[in-house]
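S.K.:
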Amino acid sequence: MRKKKETLYTWLTHPYRLVMRDEERLADYKSYPITRAKILAITVPLILLVFVGGFWLSSYLHEHGSFGKQETQTVKRELIQLYQTIDSLEMALQYNEQYIQTLHQVIRGDVAPWKEEAEKARAGKSEEVKIAQTDSIDLDYVSEAELALRSEYEQEADQANATTYYQVANQAGSASIGILFPPLQGIVSGRFSMEQKHYGIDIVATANAPIHSIADGTVIFAGWTDETGNVIAIQHSGNLISVYKHNAKLLKQVGDIVSSGEAIAIIGNTGKYSTGPHLHFELWLKGNPVNPEQLIAF
0 MRKKKETLYT
10 WLTHPYRLVM
20 RDEERLADYK
30 SYPITRAKIL
40 AITVPLILLV
50 FVGGFWLSSY
60 LHEHGSFGKQ
70 ETQTVKRELI
80 QLYQTIDSLE
90 MALQYNEQYI
100 QTLHQVIRGD
110 VAPWKEEAEK
120 ARAGKSEEVK
130 IAQTDSIDLD
140 YVSEAELALR
150 SEYEQEADQA
160 NATTYYQVAN
170 QAGSASIGIL
180 FPPLQGIVSG
190 RFSMEQKHYG
200 IDIVATANAP
210 IHSIADGTVI
220 FAGWTDETGN
230 VIAIQHSGNL
240 ISVYKHNAKL
250 LKQVGDIVSS
260 GEAIAIIGNT
270 GKYSTGPHLH
280 FELWLKGNPV
290 NPEQLIAF
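Be aware that the sequence shown starts at 0, since it is given in numbering that gives the first Met the number 0, and climbs by one per residue.
Encoded structure:
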């Protein structure tokens, strides 16, 4: 006998019964009439509800910074700030290294950085003038740039009522630097003199007398030179640098932070330009020598 073809409607509406049976007594507990249409009517909305709910929840959490978005943005901001800080530190480090190298050249009497200015001032003339050695940082020669500067200074000094650059520097320095501590208690045996190229003062004191820092600062040079023996230089605020020469012993090294009045060296007689136990003391303001006796009461 040929089987009758079942339609979709018949397939959906064919009746079934869902029976709940007590397994121990084998008795029917509850039963529910059910069809495929009812099953689809219940399961399809549930599936759609779960899908829509999951999609909405994913969008909500993503929009409000979940899944690490907020943390990622925070990390990016911190990395950018660190990069900017590192870049600034690298520039500052390069500047400081260049500054310290130039300062070391000044302390040793190497005036090579001024040669370019000399060539501009006197084109075609590169002859260097040898001078007698004195107890100062200018140990070997006077460059043409320095000769031009001194010539300008001498012309200004000849004018009546003229105020030299160094006096102006002293006045400006005394107003911004503050009170300075005497480096040594003793007798000033050599005065500051631009004419004699003696850019500091000589102080004679008792043997093994300690030498003190004139103000708070950082040691930027501490070493030996043939001409001036053990030398130590300290960078202070206000672009002021103090230099102490002919020491018997240095008590600090480069990079040390010192306080005003702190012992930094022991008086001595080192270096071939020393004529006896004493301290040769120099002050440099913005790269120019100034008379220490105008800033410190000895």
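Yeah, the Cβ is synthetic: ideal placement off N, Cα and C, and Gly gets one too.
The model shown is predicted, which means the values in this text are computed figures rather than measured ones.
What number of angstroms, rounded off, separates the C-alpha of residue 184 from the C-alpha of residue 215?
M.R.: Numbered from 1 along the sequence shown, position 185 holds the residue referred to as residue 184. Numbered from 1 along the sequence shown, position 216 holds the residue referred to as residue 215. Residue 184 and residue 215 have their alpha carbons spaced roughly 19 Å apart.
S.K.: In the DSSP assignment, the alpha helix (DSSP H) including residue 198 goes from what residue to what residue?
M.R.: Within the sequence shown, the letter at position 199 stands for residue 198. Counting along the chain, residue 198 falls outside any alpha helix (DSSP H), and DSSP gives it neither H nor E.
S.K.: Answer yes or no: do residue 219 and residue 234 have a C-beta to C-beta separation smaller than 8 Å?
M.R.: Along the sequence shown, read from residue 1 onward, the residue named residue 219 stands at position 220. Along the sequence shown, read from residue 1 onward, the residue named residue 234 stands at position 235. Result yes, Cβ atoms of residue 219 and residue 234 sit closer than 8 Å.
S.K.: Short check: CB of residue 286 to CB of residue 228, under 8 Å?
M.R.: On the sequence shown, position 287 is the one that residue 286 refers to. On the sequence shown, position 229 is the one that residue 228 refers to. No. Outside cutoff.
S.K.: According to DSSP, is residue 54 part of a helix, a strand, or is it coil?
M.R.: As a first step, residue 54 is located in the sequence shown; it is residue number 55 there, counting from the start. Residue 54 falls in the helix class under three-state DSSP.
S.K.: Give me the DSSP bridge partner(s) of residue 17.
M.R.: Walking along the sequence shown from the start, residue 17 turns up at place 18. Answer is 31, bridged to residue 17.
S.K.: With 16 as the cutoff for other CB atoms within 10 Å, does residue 54 come out buried or exposed?
M.R.: Locating residue 54 in the sequence shown gives position 55, counting from the first residue. The residue is exposed, with fewer than 16 neighbouring Cβ atoms inside 10 Å.
S.K.: With a threshold of 16 other CB atoms inside 10 Å of the CB of residue 13, please say whether the residue is buried or exposed.
M.R.: Here residue 13 refers to the residue found at position 14 when the sequence shown is read from its first residue. Classification of residue 13: exposed, given that the 10 Å Cβ count is below 16.
S.K.: Could you check where the alpha helix (DSSP H) with residue 9 kicks off and where it finishes?
M.R.: By one-based count along the sequence shown, residue 9 stands at place 10. Counting along the chain, the alpha helix (DSSP H) containing residue 9 begins and ends at 7-12.
S.K.: Starting from residue 279, trace the beta strand (DSSP E) in both directions and tell me its first and last residue.
M.R.: Working through the sequence shown from its first residue, we reach residue 279 at position 280. It spans 278-284 - the beta strand (DSSP E) in which residue 279 sits, taken as one unbroken run.
S.K.: List the residues that DSSP assigns as beta-bridge partners of residue 26.
M.R.: As a first step, residue 26 is located in the sequence shown; it is residue number 27 there, counting from the start. Bridge partners of residue 26: 21.
S.K.: Quick check on the DSSP output: the beta strand (DSSP E) that includes residue 221 runs from which residue to which?
M.R.: In the sequence shown, the residue the question calls residue 221 occupies position 222. Per DSSP, residue 221 belongs to the beta strand (DSSP E) from 216-224.
S.K.: So what's residue 164 in DSSP terms, helix, strand or just coil?
M.R.: Locating residue 164 in the sequence shown gives position 165, counting from the first residue. Any reading at residue 164 must be qualified, since the residue scores a pLDDT of 38, below 50, and its modelled position is unreliable; no value is offered.
S.K.: Sort 16, 93, 237, 270 by Cα distance to residue 284 and report the nearest one.
M.R.: As a working mapping, residue 284 is identified with position 285 in the sequence shown. Scanning 16, 93, 237, 270 for the CA closest to the CA of residue 284 turns up 237.
S.K.: Which residues in the same chain as residue 167 place their Cβ atom closer than 7 Å to its Cβ, once the five residues preceding and following it in sequence are excluded?
M.R.: Along the sequence shown, one-based indexing puts residue 167 at 168. Unreliable positioning characterises residue 167 in this predicted model, as indicated by a pLDDT of 39, which lies under 50. A coordinate reading is not provided.
S.K.: Taking its Cβ as the centre, do 16 or more other Cβ atoms sit within 10 Å of residue 225, making it buried, or is it exposed?
M.R.: For this step, residue 225 is matched to residue 226 along the sequence shown. The residue is exposed, with fewer than 16 neighbouring Cβ atoms inside 10 Å.
S.K.: Is the CB-CB distance between residue 31 and residue 45 below 8 Å?
M.R.: The residue labelled residue 31 in the question sits at position 32 within the sequence shown. The residue labelled residue 45 in the question sits at position 46 within the sequence shown. Cβ atoms of residue 31 and residue 45: not closer than 8 Å.
S.K.: With 16 other CB atoms within 10 Å as the buried threshold, where does residue 211 fall?
M.R.: As a position in the sequence shown, residue 211 is number 212, starting the count at 1. With 16 or more other Cβ atoms within 10 Å, it is buried.
S.K.: Using 8 Å as the cut-off, can you tell me whether the segment 286-297 makes contact with the segment 187-194, which would need three or more C-beta pairs spanning the two stretches below that distance?
M.R.: yes
S.K.: On the DSSP bridge assignment, give the partners of residue 264 in chain order.
M.R.: Locating residue 264 in the sequence shown gives position 265, counting from the first residue. Paired residues: 210, 249.
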